[in-house]
Amino acid sequence: MLDGGDRMLDTRTAAVGEPGTGAPATVGGVTRLVLIHGRDSGDVDADAVEQRWLDALDAGLDAIGSDLRLTDDDATFVHYGAMLDAASDDLPLPPVTTHAVARPDGYLPLPPVTTHAVARPDGYLPLLAGLDVDRLRFTLDVSREVLAAYGSAPADPPTQDVAAAETVASEGLVGDALARTLAAALATVDRLVPGLSGAVVLLLTHDVYTYLHDAEARAAVDAGVLAALPVDEPAVIVAHSLGAVVAYQVLRSAAAAGRDVPLLVSLGAPLAIRAVQDAVAALAPPGWPEPVDRWVAVRDPRDLLTLHDLTPETFPLDPPGPGVENQHVRNEALLRHAAATVRDGRPAGYAATPEVAALLSGVLGR
1 MLDGGDRMLD TRTAAVGEPG TGAPATVGGV TRLVLIHGRD SGDVDADAVE QRWLDALDAG
61 LDAIGSDLRL TDDDATFVHY GAMLDAASDD LPLPPVTTHA VARPDGYLPL PPVTTHAVAR
121 PDGYLPLLAG LDVDRLRFTL DVSREVLAAY GSAPADPPTQ DVAAAETVAS EGLVGDALAR
181 TLAAALATVD RLVPGLSGAV VLLLTHDVYT YLHDAEARAA VDAGVLAALP VDEPAVIVAH
241 SLGAVVAYQV LRSAAAAGRD VPLLVSLGAP LAIRAVQDAV AALAPPGWPE PVDRWVAVRD
301 PRDLLTLHDL TPETFPLDPP GPGVENQHVR NEALLRHAAA TVRDGRPAGY AATPEVAALL
361 SGVLGR
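Throughout the sequence shown, residue numbering follows the UniProt record's numbering, covering 1 to 366 in sequence.
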């Protein structure tokens, strides 16, 4: 997310070059690197999130002995968190801007997101008050799949009259049976899944649901990502978590026709989670994104926010294209899901892994 005063989709640029020279690393005209964050950005400062990504990528490149380094001019970092915040809070969507650093007036700061629900006697129920039935069901489906992947699933949600459930949810009453079932599932994640919390699942599904079900927010985010893709040169895209869903949605759209993407690297993509996949399919039949020559799906098998490789069975595409390549890595970040963070004073996360560095170094020629 951006600072509460900066509700815009933000793209930043960074240069690809050799240390100390500023010389661009170019092979076959490939100079553009497009980075799309996920839900775990954490910082409210887009500059800090961007720098964390660049530091992590540089750490991976250094680990494989590459002289490729990332600075500040020539790759694009897309930050859409504030856009989804505005949509979730029913505020007017801010204009999509490119290379924006100014912070417009007129928006009050948002309170920080806290994850202390489990310390309360009523657990997660207060966080679920006012959520509509469809959002509750989506979050419950994801929670149950996470638990099933770990070998434990909560009881089936009770059957109830949908109209009555909608009435209860619209009044914000947390006694609704569906909300209670979800609260129990999230609490079960806390108890049974090491290294993961129900609060993290709730935060992830919140933004994924908003993007996939709010047409206005999705259109604004998609337009900003599309604007970051050059029309006159190839682009290598690295997209994390929800960002991978966004990248796929944009690249399979008619608006992306003619773009040239020799490599798409998805980091911890949740596209094989059934609830996410069903929502994606409801927008358009899943097929290979036409601009993409090669797609490598990177994940840590311990990452329970990703769950599955992207295979013809877990993520069927028609047309299938050349097929998604799956690359397993060791993500040393906490929860095994973050793209770029700091652990023990060093960059960590998917972006810092040598496997991701090797992919980028190979296509950029260093």
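Idealized CB from N, CA, C, for every residue including glycine.
In the DSSP assignment, R299 forms a beta bridge with H328. Unbroken alpha helix (DSSP H) runs of no fewer than 4 residues, entirely contained in the region 259–317, are found at 274–283, following chain order. Rounded to the nearest angstrom, the gap between the Cα atoms of V246 and H206 is 15 Å.
About 6 Å separates the Cβ atoms of L203 and R39, confirming a contact at the 8 Å cut-off.
Taking C-beta atoms under 8 Å as the contact rule, A46 and P347 fail to qualify, at a distance of about 18 Å. Under the DSSP assignment, V231 falls outside any alpha helix (DSSP H); it carries neither an H nor an E label. In this model, A63 and R299 are separated by some 19 Å (Cα to Cα).
Rounded to the nearest whole angstrom, the CA to CA distance from G151 to A256 is 40 Å. Straight-line measurement puts the Cα of Y209 at about 18 Å from the Cα of Y124. In the DSSP assignment, A46 falls within the unbroken alpha helix (DSSP H) covering A46 to A63. Three or more Cβ pairs closer than 8 Å define a contact, and the region 219–233 falls short of that threshold against the region 317–334. Counting C-beta pairs closer than 8 Å gives three or more between the region 279–299 and the region 313–321, which meets the contact rule. Exposed is the label assigned to T311, since fewer than 16 other Cβ atoms lie within 10 Å of its Cβ. For L147 and H337, the gap between their C-alpha atoms comes out near 16 Å.
M83 sits close to A217, with the two beta carbons spaced by under 8 Å. Sixteen is the threshold: when 16 or more other Cβ atoms of the shown chains lie within 10 Å of the Cβ of G349, as they do, the residue is buried. In this structure, DSSP gives P354 a helical state, which the three-state scheme calls helix.
Between V221 and Y211, the CB-CB gap stays under 8 Å. Shown here, L335 sits in a helix according to DSSP, grouped into three states. Taken through DSSP and simplified to helix, strand or coil, P194 comes out as coil. Residue range R346 to A348 is occupied by the beta strand (DSSP E) that includes R346, with no alpha helix (DSSP H) assigned at that position.
With respect to the 8 Å criterion, V34 and G224 are not classified as neighbours on the basis of their beta carbons. Assignment of A177 by DSSP, reduced to helix, strand and coil, places it in the helix class. For the 8 Å CB-CB criterion, G287 and P319 form a contact. By the neighbour-count definition (other C-beta atoms within 10 Å, threshold 16), A284 is an exposed residue. Annotated as distal: A149 and A352, with beta-carbon spacing of 8 Å or more. If you look at A149, you'll find it in the alpha helix (DSSP H) that goes V133 to Y150. Per DSSP, L33 is one residue of the beta strand (DSSP E) stretching across R32 to I36. L61 and V356 have their C-alpha atoms some 8 Å from each other. Around the beta-carbon of P289, 16 or more other beta-carbon atoms lie within 10 Å, marking it buried. Pairing T139 with P354, the inter-Cα distance amounts to about 33 Å. At a Cβ-Cβ threshold of 8 Å, L128 and L182 count as neighbours.
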